[in-house]
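See structure below.
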Amino acid sequence: MAAAPAPSDRFDVIVVGAGIMGSCAAHAAASRGARVLLLERFDLLHHRGSSHGESRTIRDAYPQPHYPPMVRLARRLWADAQRDAGYDVLTPAPHLDLGPRDDPALLATIANGGAAELPAAGGARPAWADAFRVPEGWTAACGDLGGVIKATKAVAMFQALAAKMGAVVRDKVEVVDVARKQGEGTTIVVRTSSGEEFHGAKCIVTVGAWTSKLVKSVTGADLPVQPLHTLICYWKIKPGHEHELTTEAGFPTFASYGDTWIYSTPSMEYPGLIKISMHGGPPCDPDSRDWAIGPGEGGLVDPVARWIEKVMPGHVDTAGGPVLRLPCMYSMTPDEDFVIDFLGGEEFGRDVVIGAGFCGHGFKMAPAVGRILAEMALDGEARTATEAGVELQHFRIGRFEGNPMGNAMSF
């Protein structure tokens, strides 16, 4: 990493928060020749937020039409970063969506992703389709743009690329205030709990589950980004089927719609196990989380077990529950859409950009989001988003004014 900044140093962009979004934003800004400072509250690659772990899915299948263009932009930028790094963090795979045939979110997802319905048993189907027992009244549709991202490895890749381009990366630096220095034009001052000050022309805030607390402290405003406790579950594959559920065998990432939203990645990180988990979880405080895995988390396990017994009984074993239960954290808005906007107001205007509410489904889009945040900070607008057909109005803070549910849809 680059040398520590001197007190008199002034940066073009200060990025607060070095999870996947902050790391991608720092890389995007540094790749344009900007002088960048990336600050992380904890150790680099820590497990206290939402950017760590072995795997995340990537898919362009979404019920909301404003996400597929962002995913497609992100895929191109993932490929560019892997080329520059000299190694891969993304393993391509098919993607399967399944659920009740009359589920409106599923139908919109299939339409937006251009997926093709799987033929009935006995038809020309991929071999892995036999792992699923699609219930009566359900449908299953498959697309090509799925895959698995190695999460911690991806964060490390973008941090290394940013540092290679001259970005200064600091960890164990807790930011407690962002302000404009009076009489210094556009100088933004970032203050830390240890009393350090960093000066920059622009600032990007990407602190995940700590967003609401920092924004409240800085502006007094309530930004509805709620941290949620969730659980990543790995289940034992039944003997004789271990290879069938791997990426080498062409097994897909998948999502199941209905009363419980289930998601999965193929067997990769733990041979003989497959990740199948439930989307969502109860509210939590990121500073006082209960890390214990106890009976209260049955609500995040039992629905998954019931789904497996209904849909994949011949291939996945639910006896005794999941082999591994790994706690994680989402931070989500009421409508589950992102926040990508200028912090605004008389003090900050377009000099402070905020990115939040990504955890739960945003990791796949991180290179695109990072590029957009960097362009907003440096240029006051995001030309890449416009060129890629990404509609940023869906992600404005103002959508919650007089409407606490924002963009929430009926499905």
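The numbering used here applies: residue 217 is where the sequence shown begins, and numbers increase by one. Even for Gly, the Cβ is constructed at its ideal location relative to N, Cα and C.
Quick check on this structure: which residue in 260, 258, 300 has the alpha carbon closest to the alpha carbon of residue 377? Looking at the Cα atoms, 300 is the closest of the given residues.
Pair within 8 Å by beta-carbon distance, residue 349 and residue 529: Residue 349 places its beta carbon less than 8 Å from that of residue 529.
DSSP beta-bridge partners for residue 394? Beta-bridge pairing links residue 394 to 406.
With burial defined as no fewer than 16 other Cβ atoms inside 10 Å of the residue's Cβ, what is the status of residue 590: buried or exposed? Per the 10 Å Cβ criterion, buried.
For the beta strand (DSSP E) that contains residue 228, what are its first and last residues? 226-232 is the extent of the beta strand (DSSP E) around residue 228.
Suppose contacts are defined by Cβ-Cβ distances below 8 Å. Is residue 255 in contact with residue 287 by that definition? It is not a contact, given that the beta carbons lie outside the stated cut-off.
Alpha carbon to alpha carbon, how far is residue 343 from residue 483? Near 16 Å, if we compare the C-alpha coordinates of residue 483 and residue 343.
How many angstroms separate the CA atom of residue 234 from the CA atom of residue 470? In a straight line, the C-alpha of residue 234 is about 29 Å away from that of residue 470.
Smallest Cα separation from residue 486: which of 396, 458, 336, 321? Of 396, 458, 336, 321, the residue nearest in Cα terms is 458.
Contact check, residue 305 vs residue 366 under 8 Å by CB: the rounded distance? The Cβ separation is near 5 Å, so the contact holds.
Taking 7 Å as the limit between beta carbons, can you name the residues of its chain near residue 335, skipping five residues before and five after? Closer than 7 Å at the Cβ level, and outside the excluded window around residue 335, lie 341.
Residue of 293, 258, 351, 383 minimising C-alpha distance to residue 227: Checking every option, the nearest Cα to that of residue 227 belongs to 383.
Tell me, which residues are paired with residue 413 by DSSP? In the DSSP secondary-structure assignment, residue 413 is bridged to 407.
By the three-class DSSP mapping on this structure, what secondary structure does residue 451 have? Of the three classes helix, strand and coil, the one that applies to residue 451 here is strand, per DSSP.
Between which two residues does the beta strand (DSSP E) carrying residue 491 extend? Its beta strand (DSSP E) spans residues 489-494.
Where DSSP assigns a beta bridge to residue 271, which residues make up the other side? DSSP, once it has assigned bridges, lists no residue as partnering residue 271.
Contacting residues, own chain, Cβ-Cβ under 7 Å from residue 317 (five flanking each side not counted): 353, 354, 355.
Proximity to residue 225 [Cα-Cα], best of 559, 403, 566, 433: For the residues 559, 403, 566, 433, the minimum Cα distance to residue 225 belongs to 403.
Since I believe residue 422 is in contact with residue 571 (beta carbons under 8 Å), could you give me their beta-carbon distance rounded to a whole number of angstroms? Going by Cβ atoms, the distance from residue 571 to residue 422 rounds to 5 Å, so yes, they are a contact pair.
Would you identify the three-state DSSP class for residue 366, choosing helix, strand or coil? Correct three-state label for residue 366: coil.
Taking the C-alpha atoms as reference points, what is the distance between residue 258 and residue 390? Each residue's Cα considered, the two are about 7 Å apart.
Compute the Euclidean distance between the alpha carbons of residue 319 and residue 393, then round it to the nearest angstrom. Approximately 45 Å between the Cα atoms of the pair.
Where residue 547 falls, given that 16 or more other Cβ within 10 Å makes a residue buried: Here residue 547 is buried, its C-beta having at least 16 other C-beta atoms within 10 Å.
Tell me where the alpha helix (DSSP H) around residue 544 begins and ends. Where residue 544 is concerned, there is no enclosing alpha helix (DSSP H), although the beta strand (DSSP E) it sits in stretches over 540-548.
Give me the Cα-Cα distance between residue 527 and residue 432, rounded to the nearest whole angstrom. Rounded to whole angstroms, the separation of the alpha carbons of residue 432 and residue 527 is 44 Å.
DSSP beta-bridge partners for residue 316? According to DSSP, residue 316 bridges with 354.
Within 10 angstroms of the Cβ of residue 275, are there 16 or more other Cβ atoms? Answer buried if so, exposed if not. Around the beta carbon of residue 275, 16 or more other beta carbons sit within 10 angstroms, so the residue counts as buried.
Using a threshold of 7 Å, is the CB atom of residue 250 nearer than that to any non-hydrogen atom of the ligand SAM? The ligand content of the structure shown is nil, which means the ligand SAM is not present either.
From the DSSP output, read off the bridge partner residues of residue 556. Residue 556 is bridged by DSSP to 571.
Is residue 551 near residue 621, with beta carbons less than 8 Å apart? Their beta carbons are under 8 Å apart, which means residue 551 touches residue 621 by this criterion.
Grab me the residues of residue 501's own chain with a C-beta within less than 6 Å of its C-beta, minus the 5 sequence neighbours each way, in chain order. Here the set comprises nothing.
Quick check on the burial criterion: 16 or more other C-beta atoms within 10 angstroms. Buried or exposed for residue 398? So residue 398 counts as exposed.
Look at the Cβ atom of residue 567, then the Cβ atom of residue 451, and state whether they are nearer than 8 Å. In this structure, residue 451 does not lie closer than 8 Å to residue 567 by Cβ.
Exposed or buried, which one is residue 464 when buried takes at least 16 other CB atoms within 10 Å? When all chains shown are included, residue 464 counts as exposed.
Give me the Cβ distance between residue 237 and residue 585, rounded to the nearest whole Å; I'm assuming they're in contact under 8 Å. Their Cβ separation, rounded to whole angstroms, is 6 Å, which keeps residue 237 and residue 585 in contact under 8 Å.
Counting pairs of Cβ atoms below 8 Å between the region 282-296 and the region 575-584, do you hit three or more? Inter-segment contact for the region 282-296 and the region 575-584 is present: three or more beta-carbon pairs are separated by less than 8 Å.
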